[in-house]
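There are 2 protein chains.
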Amino acid sequence: MPKDGKPTRERLLETAERLVQRNGFAATSVDAILAESNSSKGAFFHHFASKRALASALVERYVDADLNMLRAGLDAAEAEADPVAKVLAFLGFYEEWSGDLTAESSCLYIAVISERDLLDDETATQLERAILGWRTAVADLLRKAYAARGLIDAPDPDDLADQLFVIFEGSYLVCRALGSPEPMRKQLRVFRQLVESLLTDRR
Amino acid sequence: MPKDGKPTRERLLETAERLVQRNGFAATSVDAILAESNSSKGAFFHHFASKRALASALVERYVDADLNMLRAGLDAAEAEADPVAKVLAFLGFYEEWSGDLTAESSCLYIAVISERDLLDDETATQLERAILGWRTAVADLLRKAYAARGLIDAPDPDDLADQLFVIFEGSYLVCRALGSPEPMRKQLRVFRQLVESLLTDRR
DNA sequence: CCTGTATCAGACTAATCAGTCTGTTGTATC
DNA sequence: GATACAACAGACTGATTAGTCTGATACAGG
Numbered sequence: 062m063p064k065d066g067k068p069t070r071e072r073l074l075e076t077a078e079r080l081v082q083r084n085g086f087a088a089t090s091v092d093a094i095l096a097e098s099n100s101s102k103g104a105f106f107h108h109f110a111s112k113r114a115l116a117s118a119l120v121e122r123y124v125d126a127d128l129n130m131l132r133a134g135l136d137a138a139e140a141e142a143d144p145v146a147k148v149l150a151f152l153g154f155y156e157e158w159s160g161d162l163t164a165e166s167s168c169l170y171i172a173v174i175s176e177r178d179l180l181d182d183e184t185a186t187q188l189e190r191a192i193l194g195w196r197t198a199v200a201d202l203l204r205k206a207y208a209a210r211g212l213i214d215a216p217d218p219d220d221l222a223d224q225l226f227v228i229f230e231g232s233y234l235v236c237r238a239l240g241s242p243e244p245m246r247k248q249l250r251v252f253r254q255l256v257e258s259l260l261t262d263r264r
Numbered sequence: 062m063p064k065d066g067k068p069t070r071e072r073l074l075e076t077a078e079r080l081v082q083r084n085g086f087a088a089t090s091v092d093a094i095l096a097e098s099n100s101s102k103g104a105f106f107h108h109f110a111s112k113r114a115l116a117s118a119l120v121e122r123y124v125d126a127d128l129n130m131l132r133a134g135l136d137a138a139e140a141e142a143d144p145v146a147k148v149l150a151f152l153g154f155y156e157e158w159s160g161d162l163t164a165e166s167s168c169l170y171i172a173v174i175s176e177r178d179l180l181d182d183e184t185a186t187q188l189e190r191a192i193l194g195w196r197t198a199v200a201d202l203l204r205k206a207y208a209a210r211g212l213i214d215a216p217d218p219d220d221l222a223d224q225l226f227v228i229f230e231g232s233y234l235v236c237r238a239l240g241s242p243e244p245m246r247k248q249l250r251v252f253r254q255l256v257e258s259l260l261t262d263r264r
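Protein sequences, first through last, are from chains A and B.
Just so it is clear: in the first sequence, position 165 is 226 by our numbering, and no numbers are missing.
Just so it is clear: in the second sequence, position 67 is 128 by our numbering, and no numbers are missing.
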């Protein structure tokens, strides 16, 4: 077996992810990625058939990491026994996580979604995998909490689950617009408070 | 006075807004804008000092339109007397508005925020104008509703107000990712339900 | 040691890009 | 109708772009 190219490929992906999150995909040239990762044209086009193929690889990689993030929250929820406490522990996990963010923190989804060119069937499927992954898991937590409290006319669990994903993305945008990571923390806190109000303050 | 160039400038802005929302700013070439708007290089650079200057003009224009959207919601709220009903009428207005969206609907903020290059002092100030405009007005509605219900340990009004903006942006992203305008409607509905639960379901 | 193949290095190319420049046209004012 | 100037039109340019191509190099198996 010849030389192992995985480290190089990984270095390219890491650098590309950082640059794409910062300036978008179209505004990130292959040359810029090469300069930042001390690599070469030959290396890049050996590992990726085209710049577009890099985008696909980036998204797939990112969705995997994102779903790992989901699992981490679910693990934190497992510590609680009561279904409502599970939901609140789950949301609390991300509230704490948000404390580690910086003003430069961003989300690859935003860069990909904001350029229609990148939304081919493949990336759309990956994004769906992420959104449905979160929806399914969170809605499951919510349904059990609804059942435990006998809630009936509460928001649709799927939609309420999606709200968390929506708040992540929206908060990332506001954080960048205002140049501070604080909005993410505050928004996750508000969402937790609203869900708490829904699950615990009923007559 | 020579020829009136406002129609041309406006046509360029409209076309540019559409293309930038679709594919992002960097991926939208000046030539593409010219082709779509049946204009010329001479016309473009007569009205805009640079492509960057176009971005600034686009954002300022868009923030104005966005704040008009805010005012439309506030007007709808005025129809109600009770502070809580005002809040719900306000949110209901956007829920209805979302019915007019298509799968192609998008938000210019997303395109601007996702490219750091575009976030200079000028555009950042414009984005702040939009975010703070919404925050101030919505928080005011919320504070009056809190007072009317005697709520004390409810979410911070400013943060809850920001949540609406966050949900708009996050939903736009999810709508594009899933290729449907439905998530916007559902998310606004969920948010209204959560706020309603907060403002009316307390012990 | 020889050979094959994956891994790279970097010069090169054709296309596209933002922006310039020269010239033309329309219109209000005198 | 002469003048002045805003409002264009479009050829042109230098820089940047994604992608190609020709080799060099490393490393495993025979």
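Where a beta carbon is used, it is the ideal one built from N, C-alpha and C, also for glycine.
Treat the numbers as computed from the prediction; the structure is a model and nothing was measured.
Item	Value
Beta-carbon gap between B:Phe154 and B:Ala116 smaller than 8 Å	no
contact_flag[the segment 214-231 of chain A, the segment 240-248 of chain B] where n(CB pairs < 8 Å) is 3 or more	yes
Min CB distance A:Ala87 to chain B below 8 Å	yes
Assigned secondary structure, A:Thr197 (DSSP; H/G/I helix, E/B strand, else coil)	helix
Residue-level contact to chain B via CB, A:Leu221, 8 Å cutoff	yes
Assigned secondary structure, A:Thr89 (DSSP; H/G/I helix, E/B strand, else coil)	coil
Per-residue burial, A:Ala96 [other beta carbons within 10 Å of its own, 16 or more giving buried]	exposed
Interface partners of A:Arg177 on chain B, CB under 7 Å	Arg83 and Asn84
Pick from B:Gly134, B:Ile174 and B:Val124 that is closest to A:Leu234, judged by C-alpha positions	B:Ile174
Per-residue contacts from B:Val235 into chain A (C-beta, under 8 Å)	Ile192, Asp223, Phe226, Val227 and Glu230
Cutoff 7 Å; reference B:Asp127; Cβ partners in own chain excluding five residues on either side	Ala191
The segment 210-218 of chain A / the segment 104-115 of chain A touching (three or more Cβ pairs under 8 Å)	no
Proximity of A:Glu141 and A:Lys147 at Cβ, strictly below 8 Å	yes
Simplified DSSP assignment, three categories, for B:Ala138	helix
Beta-carbon proximity of B:Val227 to B:Leu169, cut-off 8 Å	no
Extent of the continuous alpha helix (DSSP H) to which B:Ser232 belongs	Pro218 to Leu239
B:Thr69 - DSSP class collapsed to helix/strand/coil	helix
Interface partners of A:Leu131 on chain B, CB under 7 Å	Here the premise fails: no neighbours, minimum Cβ distance about 16 Å.
Length-filtered (4 minimum) alpha helix (DSSP H) runs lying within the segment 148-181 of chain A	169-174
Cross-chain neighbours of B:Lys112 in chain A, by beta carbon under 8 Å	Going along chain A, no residue has its Cβ under 8 Å from B:Lys112, so there is no contact; the nearest lies around 12 Å.
Three-state secondary structure assigned by DSSP to B:Asn129	helix
Cα-Cα separation between B:Gln187 and B:Pro242, rounded to whole angstroms	26 Å
Under 8 Å between C-beta atoms of B:Trp195 and B:Leu260	no
Selection from A:Val124, A:Ser167, A:Leu149 and A:Val91 that minimises the alpha carbon distance to A:Tyr207	A:Leu149
Chain B residues whose Cβ lies nearer than 7 Å to that of A:Ser258	Ser258 and Leu259
When B:Arg253, B:Leu80, B:Leu202 and B:Gly231 are compared against B:Asp143, the one with the closest alpha-carbon	B:Leu202
Neighbour-count burial assignment, A:Glu176, 16 or more Cβ in a 10 Å radius	buried
Spatial distance of B:Ser101 from B:Arg122 (CA atoms)	22 Å
Cβ neighbour criterion (16 or more within 10 Å) applied to A:Arg264	Low confidence applies to A:Arg264: its pLDDT is 44, below 50, so where it sits in the model is not reliable, and the reading given next is rough at best. The residue in question, A:Arg264, is exposed, as its Cβ has fewer than 16 Cβ neighbours within 10 Å.
Below-8 Å beta-carbon distance, A:Ala116 vs any chain B residue	no
Cβ shell of A:Pro244 (< 6 Å), same chain only, five flanking positions each side left out	Ser232, Val235 and Cys236
Beta carbon of A:Ala93 nearer than 8 Å to that of A:Thr69	no
Buried versus exposed, by CB contacts within 10 Å (16 or more), A:His108	buried
Proximity test, Cβ basis, 8 Å: A:Tyr170 and chain B	yes
Beta-carbon spacing of A:Leu239, B:Glu189 below 8 Å	yes
Exposure of A:Asn99, with buried meaning 16 or more beta-carbon neighbours within 10 Å	exposed
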